[in-house]
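Going by our numbering, the first residue of the sequence shown is number 90, and it counts up by one from there. Note that beta-carbon positions come from the ideal geometry of N, C-alpha and C, so glycine has one too.
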Amino acid sequence: MRNTIVKTLTSNISDKLTKYPISSTSIDSNWNKLPLTFMANHKGQWIFPKRFYGEQTNSISTLWKYYELERKPDNEANDELKTESASNSKKLELKSISNESKLRIEALRKVKLALNANDQPMIAQQVENYFSLVENYQLPVLEEIISSLSFLQLEKNARWNNELIQLITFHGSSQITPLVDYIFKHNDRLSNKDVELSISKIQIILENSNIDTSWFNQSSRELWTPNLVLNINSLKDYSIIQNKWISVRASEDLMLFLPFSTDAELEAVENTLKSQGILDNNDSLAISNIINDGVIKTVAELSFDIQRDTWRKQAEQQNHFFMIKMALTLTFIISLFIVVAFISYKNKKKAEFIDLRENFINLVSHELKTPLASIRIMIETLQKRYDKNLSIKNYPDKIISEVDRLWLMVDNLLSLNQIKSGKLELNIDKVNLSSLIERVYEKLCEHQSSKLVFKNSIPKDCFSFVDPLLFELVIINLFSNSIKYCDKSEVKVEISYISQKNTLIFLDNACGIRQADWNRVFDDFYRDTSTNSKQGTGVGLSLCRQIMKVHQGTITIKDSNENGTSWAIELPGIDKSKKDTELER
C-alpha cells in the first residue's frame with residue numbers, strides 16, 4: 090500500500106509539472122505569466138521569482154531631475170541643475186547627459202506641448218516621434234524607466250488609453266521593452282531607492298487608470314524576499330521544502346520548485362485511490378513523520394498512516410474480543426481467588442471452631458468437675474463435722490452456690506442448643522423489668538460471697554413483652570460476668586433505662602474489654618484470654634445475643650475501659666408509661 094501511495098503521489102507531481110515551463114529559456118520568456126508560488130534555479134542562480142540584485146543605497150539617482158520637463162531644454166538646464174546643498178554648502182554636479190537622452194527629453198517636451206494645445210494631429214505626430222526614438226536609441230536601464238514613466242505621467246487627465254499603458258508597463262512589443270522587464274529582470278544595474286520610486290509611480294499610474302495591480306504588487310513584494318538557502322547540487326529529486334515546495338530536476342542545470350502542500354496532495358492521492366477502488370470511501374491517509382522540522386525529506390522517505398475503515402473495524406473487533414478475553418480471564422482469576430479465599434476462610438473458621446469446640450469440651454469438663462469436686466469435698470466435710478457434733482459453718486451456702494453455678498452453666502448450654510437447633514419456643518409475657526431484675530439480684534445475693542453493690546434505676550412501671558425465663562438468663566449472665574471479671578474490692582452494677590431508645594443500660598466495674606473484641610465476645614465459645622480470670626465457658630454472652638435476637642432486640646457493648654463496661658440492651662415492645670390496656674392492645 091505504501092508503494093502505491095508513493096507512486097500515485099509522484100505521478101500527480103509529474104502531471105502538475107506539465108503546467109510549468111521546463112527550460113530556463115521558456116521560464117525567462119514567460120516569467121510574468123508564472124505563479125509566484127513557483128520557483129526555479131538555473132546553475133545555482135535563482136531565476137524565478139525575480140529578486141532585486143542591484144545596489145543598496147540611501148538616495149535616488151540625479152537622473153530623475155533631468156526628466157522634470159518644466160526645466161529649460163538647453164544648456165541653461167545644466168546650469169540650473171548645479172545646486173548648493175543647504176546642509177553642507179557643497180555643489181551637486183549632475184552628470185552631463187548624452188545627446189540621445191537630450192533628444193528623448195526634447196521629444197517628451199513636444200508631446201507635452203501638443204497635449205497642452207489639445208492638437209490631436211500634433212499629439213499623434215509627436216507620440217510617433219517619441220516611440221521612434223525609443224525604438225532606435227536604447228538608453229541606460231534607469232533612463233528608459235524614467236523616460237517611460239515621464240511619458241505615462243504627461244497626461245494628467247489620464248487620456249492615455251489602458252491598452253497603451255499596459256503595453257508600456259506589462260506587455261511591450263518588438264519595439265518597446267516593458268517597464269516590468271527593466272524593474273524585475275534588469276535591476277542589477279539599479280539602486281534599491283530607484284526601484285522603490287519606480288514601483289511607487291507605476292502603482293499610482295495603474296490605480297488612476299483602474300488597472301488591476303494585484304500581480305504587480307505581489308511581484309514587487311517578492312522582489313525583496315530573500316532566496317532560499319539550499320545546496321542545489323546535493324538536493325534530491327522530489328524533496329519537500331518547508332512543506333511549501335517540492336523539487337523536480339528538469340535538467341542537469343535546472344531545478345524547479347513546484348508549490349506543494351502535504352494535506353492537499355494526500356487528499357488528491359486519496360481521491361485517486363478511491364476512484365480506482367483501492368481505498369474505500371471512509372478510508373483516509375496521513376503523514377506520520379514530521380516534514381517541517383528543518384530536515385528535508387523526499388517523497389520516498391515519507392511514512393504514511395493508512396486509516397482504513399475495514400482495518401479499523403477489524404482492529405476494533407480484535408480489541409473487543411481481546412477485552413472480552415481479558416475480562417473473562419480476570420473474572421476467572423478473581424473468582425478463583427475468591428473461591429480459594431473462601432475455602433481458606435472456611436477451613437480457617439472450621440479449624441478455629443474445632444479448636445474452640447475442643448477447648449470448650451475440655452473447659453466444660455473442667456468446669457463440671459470443679460464444682461462437683463467442691464460439692465463432694467464440702468459434703469464430706471459436713472458429714473465429718475456432723476459426726477463430731479461440730480458446727481457446719483457456711484458449707485450449705487457454698488454447696489448451693491456451686492450448684493447454682495452448675496445450674497447456670499447447664500441452663501446456658503441447653504438454651505443455646507435449643508436456639509441454634511430452632512426448637513426453642515418463646516413464652517412471651519408482659520414483664521415488669523424492674524421487678525425481674527430485682528429478683529435476679531436477690532437470688533445472687535443469697536449465696537454470693539463477693540460484696541455486690543447494685544443500683545436499680547429502672548422505673549417501677551417499665552414493662553416489656555419478653556420470655557421471662559430467657560430474659561432473666563440474659564441478666565443473670567451479665568451479673569455473672571460482672572462478678573467473675575471484677576478486679577476491684579467490691580462489685581458494682583447499675584442498670585438504667587433510656588426511654589427514647591427503648592434500651593436498658595447495664596453498667597459494671599469489671600476489668601473492661603478491648604475494643605477489638607467488642608464483637609468477638611458474643612461469638613460461640615469465645616473467651617478473653619487477656620483477663621486473669623480463667624472462669625467461664627464462652628457461652629454466656631453468645632447466649633445473650635441469641636436470646637435478644639429471637640426477641641428481635643440487640644445487645645452490644647456501648648463503652649468499655651479499665652473502670653468497667655457499659656452494655657446496651659435494646660428491648661422490643663418496652664413501654665414505660667402506658668397503661669395495661671394500651672400495652673395489651
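Counting C-beta atoms within 10 angstroms of its own C-beta, Leu417 has fewer than 16 neighbours from the protein chains shown and is therefore classed as exposed. Residue pairing from DSSP leaves Glu233 without any beta-bridge partner. Distance from the CA atom of Ile488 to the CA atom of Glu535, rounded to whole angstroms, is 12 angstroms. Look at Leu362 here: in three-state DSSP terms it is helix.
When DSSP states are grouped into helix, strand and coil, Arg465 belongs to the helix group. Ile257 sits in a helix when the DSSP states are folded into three classes. With fewer than 16 neighbouring CB atoms inside 10 Å of its own CB, Arg91 falls in the exposed class.
When C-beta atoms of the stretch 262-282 are compared with those of the stretch 232-240, three or more pairs fall below 8 angstroms, so the two segments count as touching. DSSP links Asp648 through a beta bridge to Ser655. For Leu343, no alpha helix (DSSP H) segment is defined; the enclosing uninterrupted segment is the beta strand (DSSP E) at Leu343 to Pro348.
Under the three-state reduction of DSSP output, Ile526 falls in the helix class. DSSP places Thr97 in the uninterrupted alpha helix (DSSP H) bounded by Arg91 to Leu106.
Taking 4 residues as the shortest admissible run, the stretch 267-329 contains the following complete alpha helix (DSSP H) segments, listed from N- to C-terminal end: 281-297 and 303-312. Taking a contact as a CB-CB distance under 8 angstroms, the pair Leu243 and Val200 counts as one, their CB atoms being some 6 angstroms apart. Counting along the chain, no beta strand (DSSP E) covers Lys199; the unbroken alpha helix (DSSP H) around it starts and ends at Asn188 to Ala206. For Ser190, the closest alpha carbon among the candidates Ala213, Leu222 and Pro210 is that of Leu222. Going by DSSP, Glu583 is part of the beta strand (DSSP E) stretching over Val580 to Ile587. In this structure, Ile565 sits away from Ile526, with a CB-CB distance that is not shorter than 8 angstroms. Residues of the same chain with a CB within less than 6 angstroms of the CB of Ala357, apart from the 5 flanking positions on each side, are Asn101 in chain order. Rounded to the nearest whole angstrom, the C-alpha separation of Val610 and Ile644 is 11 angstroms.
Pairing Arg140 with Phe273, the inter-Cα distance amounts to about 7 angstroms. Contact between Val580 and Ser571 holds, with the beta-carbon distance rounding to 6 angstroms and staying under 8 angstroms.
Around the beta carbon of Leu522, 16 or more other beta carbons sit within 10 angstroms, so the residue counts as buried. Note: Ile395 is bridge-paired with Leu374 in the DSSP secondary-structure output. Taken through DSSP and simplified to helix, strand or coil, Leu541 comes out as strand.
The beta carbon of His260 lies closer than 7 angstroms to those of Pro267 in the same chain, with the five residues before and after it left out. Residue environment: Asn130 is assigned as buried (16 or more neighbouring CB atoms within 10 Å of its CB, all protein chains considered). Between Val337 and Tyr327, the beta carbon gap of about 7 angstroms places them in contact (Cβ cut-off 8 angstroms). By the criterion of a C-beta distance shorter than 6 angstroms, Tyr530 is surrounded in its chain by Phe543, once the five residues flanking it on both sides are discounted.
For Cys575 and Glu583, the gap between their C-alpha atoms comes out near 14 angstroms.
Per DSSP, the continuous beta strand (DSSP E) segment holding Ala129 begins and ends at Met128 to His131. Bridge partners of Arg338 according to DSSP: Met344. When secondary structure is reduced to three states using DSSP, Glu244 falls in the coil class, being assigned neither helix nor strand. Per DSSP, reduced to three states, the secondary structure at Thr146 is coil, with no helix or strand assignment.
If the five residues before and after Tyr142 are omitted, its C-beta is found closer than 8 angstroms to the C-beta atoms of Asn276 and Asp277, all from its own chain and listed in chain order.
Within the same chain, and ignoring the five residues on either side of Gln264 in sequence, the residues whose Cβ sits closer than 6 angstroms to its Cβ are Glu224.
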